[in-house]
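Respectively, the protein sequence lines represent chains A and B.
Add 574 to a position in the first sequence, counting from 1, and you land on the number used in our numbering.
Add 2 to a position in the second sequence, counting from 1, and you land on the number used in our numbering.
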Amino acid sequence: MREPERQPAPRAPCVLVVEDDTLVRVAICEDLREAGFSVVEAAAADEALSYLGAGQRIDLVFTDIQMPGRLDGIGLARRLRARDPGLPVVLTSGNAAPPDDLDGAVFLPKPYDHRRVAEIALELTGPQRREAE
Amino acid sequence: MTQPCILIVDADVLIRHPLAEYLRECGFRVLEAASATEARQVLEEGRLPIDVVFADVDASGDGFALAAWIRGNHPVVRVILAGSHATAAESAGDLCEDGPIAAKPYDHQFLLAEIRRLLAARERNKDRD
Chain A
575 MREPERQPAP RAPCVLVVED DTLVRVAICE DLREAGFSVV EAAAADEALS YLGAGQRIDL
635 VFTDIQMPGR LDGIGLARRL RARDPGLPVV LTSGNAAPPD DLDGAVFLPK PYDHRRVAEI
695 ALELTGPQRR EAE
Chain B
3 MTQPCILIVD ADVLIRHPLA EYLRECGFRV LEAASATEAR QVLEEGRLPI DVVFADVDAS
63 GDGFALAAWI RGNHPVVRVI LAGSHATAAE SAGDLCEDGP IAAKPYDHQF LLAEIRRLLA
123 ARERNKDRD
């Protein structure tokens, strides 16, 4: 009798969280990890680009819009979507109104329930989405 | 038993993230800070009790000052300072429990052993008190 072929464990979806508010970032990342995601933390857009420039793969970007540095969250999202048009992006901001050009990104105004972040991440990286692709 | 909590302070995500993931796989709760300022915020907030801070003196902006501040304000927190320059490593000797032990590129297994050693020593001290 043949041994059943062992399937490799599925890779946890990887979320890149870009947020310059340390305490907010730490809390979101902890919640996402508890929800089963692999999480990469970046304090600014430059740091996120540095990580991705090394060829690392991510499944979702969750980024604050207002950040110090050369690029804000919208600029970062544009750069990442230019490389990977199918990459899901969640933009967040303390301004209640979403930016004019979301370019397919999901907008989540602050303050938000951290559990909602994990729910959105699951919706955007879950099996239904992958099957639809 | 609660998971010991490690705070890694390094401005380079390509160094910080792999080390953090390795330590998580080893059973630690790991928080990440991109600078000494961020590390202070995490320690001051106190939502999670930090057991060990691992800070890069070169990249985190002011790693020596951070270590001194931790000693003054959070004396139960153990500190490991790391750096790539010998002079920095010498200075760090005054601020760490047993002097600096890490230089880049970090040997993850060696660091894990060092963190465990510091935590065990702290437990022994607690028992003695």
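Cβ coordinates follow ideal geometry from the N, Cα and C atoms, glycine included.
Computed from a predicted model, the values in this text were never measured in an experiment.
Around the Cβ of A708 of chain A, are there at least 16 other Cβ atoms within 10 angstroms (buried) or fewer (exposed)? No answer is possible for residue 708 of chain A: the residues shown for chain A start at 575 and end at 707.
Going by other Cβ atoms of all chains shown within 10 Å of its Cβ, with 16 needed for buried, is F112 of chain B buried or exposed? By one-based count along the second sequence, residue 112 of chain B stands at place 110. With fewer than 16 Cβ atoms within 10 Å of its Cβ, F112 of chain B is classed as exposed.
Judging by CA-CA distance, which residue of B:S37, B:P107, B:R73, B:A70 is the nearest neighbour of I10 of chain B? Residue mapping note: residue 10 of chain B aligns to position 8 of the second sequence, counting from 1. Answer by Cα proximity: B:S37.
On the CB-based measure, 16 or more other CB atoms within 10 Å of its CB, does G610 of chain A come out buried or exposed? Position 36 of the first sequence holds residue 610 of chain A. Exposed is the call here.
Assuming contact is defined by CB atoms lying nearer than 7 Å, are R607 of chain A and V613 of chain A in contact in what I supplied? Walking along the first sequence from the start, residue 607 of chain A turns up at place 33. Walking along the first sequence from the start, residue 613 of chain A turns up at place 39. Yes.
Counting only runs of 3+ residues fully inside the stretch 607-658 of chain A, write out the beta strand (DSSP E) ranges in chain order. 612-616, 634-638
Between the stretch 37-71 of chain B and chain A, which residues of the former have CB atoms less than 7 Å from a CB of the latter, in chain order? E40, Q43, V44, E47
First and last residue of the alpha helix (DSSP H) that includes P683 of chain A? Counted from its first residue, the first sequence places residue 683 of chain A at position 109. Note, P683 of chain A: premise wrong, no alpha helix (DSSP H); beta strand (DSSP E) at 680-683.
Cutting at 6 Å between CB atoms, please list the residues of its own chain near V32 of chain B, excluding the five before and the five after it. The residue given as residue 32 of chain B occupies position 30 in the second sequence. So the list reads I8, A22, L25, R26, once near-sequence residues are dropped.
Using a Cβ cut-off of 7 Å (strictly closer), state whether S667 of chain A contacts chain B. Sequence index remark: in the first sequence, residue 667 of chain A carries index 93 (1-based). Output row for S667 of chain A: interface = no.
Suppose contacts are defined by Cβ-Cβ distances below 7 Å. Is L665 of chain A in contact with G649 of chain A by that definition? In the first sequence, counting from the first residue as 1, residue 665 of chain A sits at position 91. In the first sequence, counting from the first residue as 1, residue 649 of chain A sits at position 75. No; because the gap between Cβ atoms is not below 7 Å, this pair is not in contact.
Taking beta-carbon pairs under 7 Å, can you tell me which members of the stretch 596-625 of chain A lie near chain B? T596, L597, V600, V614, E615, A616, A617, E621, S624, Y625
Report yes if the CB atom of D140 of chain B is closer than 7 Å to the CB atom of G85 of chain B, and no otherwise. Because residue 140 of chain B is not part of the residues shown, which for chain B are 3 to 131, the question remains open.
So which residues of chain B does A628 of chain A contact, with C-beta pairs closer than 7 Å? What you label residue 628 of chain A is simply residue 54 of the first sequence in a count that begins at 1. Simply L16.
Find the nearest neighbour of A119 of chain B within the set B:D53, B:G65, B:A67, judged by alpha-carbon distance. The sequence position of residue 119 of chain B within the second sequence is 117, counting from 1. The sequence shown places Arg at residue 119 of chain B, rather than the Ala named in the question. Nearest option by C-alpha distance: B:D53.
Fully enclosed by the stretch 28-74 of chain B, which beta strand (DSSP E) runs are 3 residues long or longer? 31-35, 54-58
Whose CA, out of B:V79, B:T4, B:P20, lies closest to the CA of P107 of chain B? The sequence position of residue 107 of chain B within the second sequence is 105, counting from 1. It is B:P20 whose Cα lies nearest to the Cα of P107 of chain B.
Taking just the CA atoms, how far does L682 of chain A sit from A670 of chain A? In the first sequence, counting from the first residue as 1, residue 670 of chain A sits at position 96. In the first sequence, counting from the first residue as 1, residue 682 of chain A sits at position 108. Approximately 9 Å, taken between the alpha carbons.
Check for me: the alpha helix (DSSP H) holding T699 of chain A runs from which residue to which? Here the question's residue 699 of chain A lines up with position 125 in the first sequence. First-last of the alpha helix (DSSP H) with T699 of chain A: 688-699.
Check whether the Cβ atoms of D12 of chain B and D58 of chain B lie closer than 7 Å to each other. Taking the first residue of the second sequence as position 1, residue 12 of chain B is located at position 10. Taking the first residue of the second sequence as position 1, residue 58 of chain B is located at position 56. Yes, the Cβ-Cβ distance between D12 of chain B and D58 of chain B is below 7 Å.
Can you list the residues of chain A that L33 of chain B reaches, using a CB-CB cut of under 7 Å? As a working note, residue 33 of chain B is residue 31 in the second sequence. Going along chain A in sequence order, the residues near L33 of chain B (Cβ under 7 Å) are V600.
Closest by C-alpha distance to E693 of chain A, when choosing among A:D677, A:L634, A:P672: In the first sequence, residue 693 of chain A corresponds to position 119, counting from 1. E693 of chain A has its Cα closest to that of A:L634, out of A:D677, A:L634, A:P672.
If the criterion is Cβ atoms closer than 7 Å, does the pair I602 of chain A and V592 of chain A meet it? Position 28 of the first sequence, counted from the start, is the residue given in the question as residue 602 of chain A. Position 18 of the first sequence, counted from the start, is the residue given in the question as residue 592 of chain A. Their beta carbons are not under 7 Å apart, which means I602 of chain A does not touch V592 of chain A by this criterion.
Beta-carbon neighbours of H19 of chain B, restricted to chain A and to distances below 8 Å: Mapped onto the second sequence, residue 19 of chain B falls at position 17. Within chain A, the residues near H19 of chain B are V614, E615, Y625.
Have a look at B:F56, B:L16, B:A69, B:C28 and flag the residue whose alpha-carbon is nearest the alpha-carbon of R631 of chain A. Mapped onto the first sequence, residue 631 of chain A falls at position 57. The option with the nearest alpha carbon to R631 of chain A is B:L16.
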